[in-house]
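Q: These protein sequences, in sequence, are chains A and B. Going by the working numbering, the first sequence wraps up at 571, each residue one higher than the last. Going by the working numbering, the second sequence wraps up at 350, each residue one higher than the last.
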Amino acid sequence: KAGVTQTPRYLIKTRGQQVTLSCSPISGHRSVSWYQQTPGQGLQFLFEYFSETQRNKGNFPGRFSGRQFSNSRSEMNVSTLELGDSALYLCASSLPAGAYEQYFGPGTRLTVT
Amino acid sequence: AQSVAQPEDQVNVAEGNPLTVKCTYSVSGNPYLFWYVQYPNRGLQFLLKYITGDNLVKGSYGFEAEFNKSQTSFHLKKPSALVSDSALYFCAVRQNAGNMLTFGGGTRLMVKP
Numbered sequence: 459k460a461g462v463t464q465t466p467r468y469l470i471k472t473r474g475q476q477v478t479l480s481c482s483p484i485s486g487h488r489s490v491s492w493y494q495q496t497p498g499q500g501l502q503f504l505f506e507y508f509s510e511t512q513r514n515k516g517n518f519p520g521r522f523s524g525r526q527f528s529n530s531r532s533e534m535n536v537s538t539l540e541l542g543d544s545a546l547y548l549c550a551s552s553l554p555a556g557a558y559e560q561y562f563g564p565g566t567r568l569t570v571t
Numbered sequence: 238a239q240s241v242a243q244p245e246d247q248v249n250v251a252e253g254n255p256l257t258v259k260c261t262y263s264v265s266g267n268p269y270l271f272w273y274v275q276y277p278n279r280g281l282q283f284l285l286k287y288i289t290g291d292n293l294v295k296g297s298y299g300f301e302a303e304f305n306k307s308q309t310s311f312h313l314k315k316p317s318a319l320v321s322d323s324a325l326y327f328c329a330v331r332q333n334a335g336n337m338l339t340f341g342g343g344t345r346l347m348v349k350p
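(1) Measuring only between beta-carbons, confirm whether A:Gln560 sits less than 8 Å from chain B.
(2) Measure the beta-carbon distance from B:Gln239 to B:Thr309 and round it to whole angstroms, keeping in mind my assumption that it falls under 8 Å.
(3) Does any residue of chain A bring its CB to less than 8 Å from the CB of B:Asn336?
(4) Between the alpha carbons of B:Lys306 and B:Ala318, how many angstroms are there, rounded?
(5) What do you get for A:Glu540, buried or exposed, if any count of 16 or more other CB atoms within 10 angstroms of its CB means buried?
(6) Using beta-carbon positions only, say whether A:Leu546 and A:Val477 come within less than 8 Å of one another.
(7) On a CA-only basis, which of B:Lys286, B:Leu256, B:Leu284 and B:Val241 is nearest B:Ser265? Give me that one, please.
(8) What does the Cβ neighbour count give for B:Met337, buried or exposed, with the cut at 16 atoms within 10 Å?
(9) Under 8 Å, do A:Ser532 and A:Tyr507 count as touching if we go by C-beta distance?
(10) Do the CB positions of B:Lys314 and B:Asp322 come within less than 8 Å of each other?
(11) Would you say B:Gly296 lies against chain A (beta-carbon separation less than 8 Å)?
(12) Mind listing the chain B neighbours of A:Phe503? Cutoff is C-beta to C-beta under 8 Å, in chain order.
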């Protein structure tokens, strides 16, 4: 099976702009989670989607949003970018229930200038 | 609230020697515990998990981890380290429904020839 894919891999944006990141889960996986990784804060959970519904949400401002489509693909959007949003954004997919591990994509490296 | 602590920022070990990467957790209820590894410019790669059952869990690439409920620990171990094991290791805990993982700060493992 193909792994989790994320596009784009690298992105440079200017402060105040908005950005959309995309994630395609492993075939058959219906849960998609997003994480932010920064040197200062480490790995932090953003949100999880299952069956096109947000199931869990981390402690991030409303500028961070996401959605999931009927084919389980997910997008996350960050509006009004700030310098502190520069990070590696990781997407992970898993089976929706039970004690299943998550499988991570390679991430999108976002740089805000 | 759940939390994970990895008390060592870096662990240095000689190739061929045993290695241990420490992790302690705090969660109400039964924990689901995971170890992930991250190589440079890559996403996280699943190593192993503890859900229930035997306290010693075996995973990928010869790694294993020991769950200790009384000490709330889940240390990662390998009997004989390889230079190629050098990477960033993350311990994570999940509680209850959904796929929200809480990660430790990470431990950089350096294996020297």
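A virtual CB, placed ideally from N, CA and C, is assigned to each residue, including glycine.
A: Based on what the coordinates show:
(1) Here residue 560 of chain A corresponds to residue number 102 of the first sequence, with the count starting at 1. It does; some Cβ of chain B falls within 8 Å.
(2) Counting from 1 along the second sequence, the entry for residue 239 of chain B is found at position 2. Counting from 1 along the second sequence, the entry for residue 309 of chain B is found at position 72. Contact doesn't hold; Cβ gap of about 11 Å is too wide.
(3) Along the second sequence, one-based indexing puts residue 336 of chain B at 99. Closer than 8 Å: yes.
(4) Position 69 of the second sequence, counted from the start, is the residue given in the question as residue 306 of chain B. Position 81 of the second sequence, counted from the start, is the residue given in the question as residue 318 of chain B. Roughly 26 Å separates the two Cα atoms.
(5) Against the first sequence, residue 540 of chain A aligns to sequence position 82. With fewer than 16 Cβ atoms within 10 Å of its Cβ, A:Glu540 is classed as exposed.
(6) Position 88 of the first sequence, counted from the start, is the residue given in the question as residue 546 of chain A. Position 19 of the first sequence, counted from the start, is the residue given in the question as residue 477 of chain A. No, the Cβ-Cβ distance between A:Leu546 and A:Val477 is not below 8 Å.
(7) Stepping through the second sequence from its first residue, residue 265 of chain B is reached at position 28. When only C-alpha atoms are compared, the closest one is B:Val241.
(8) On the second sequence, residue 337 of chain B is found 100 positions in, with the first residue counted as 1. B:Met337 is buried by the Cβ-count criterion.
(9) Here the question's residue 532 of chain A lines up with position 74 in the first sequence. Here the question's residue 507 of chain A lines up with position 49 in the first sequence. Yes, Cβ-Cβ distance for A:Ser532 and A:Tyr507 is below 8 Å.
(10) By one-based count along the second sequence, residue 314 of chain B stands at place 77. By one-based count along the second sequence, residue 322 of chain B stands at place 85. Cβ atoms of B:Lys314 and B:Asp322: not closer than 8 Å.
(11) Along the second sequence, read from residue 1 onward, the residue named residue 296 of chain B stands at position 59. So no, B:Gly296 is outside the interface.
(12) Taking the first sequence and counting its residues from 1, one reaches residue 503 of chain A at position 45. Result: Met337, Leu338 and Thr339.
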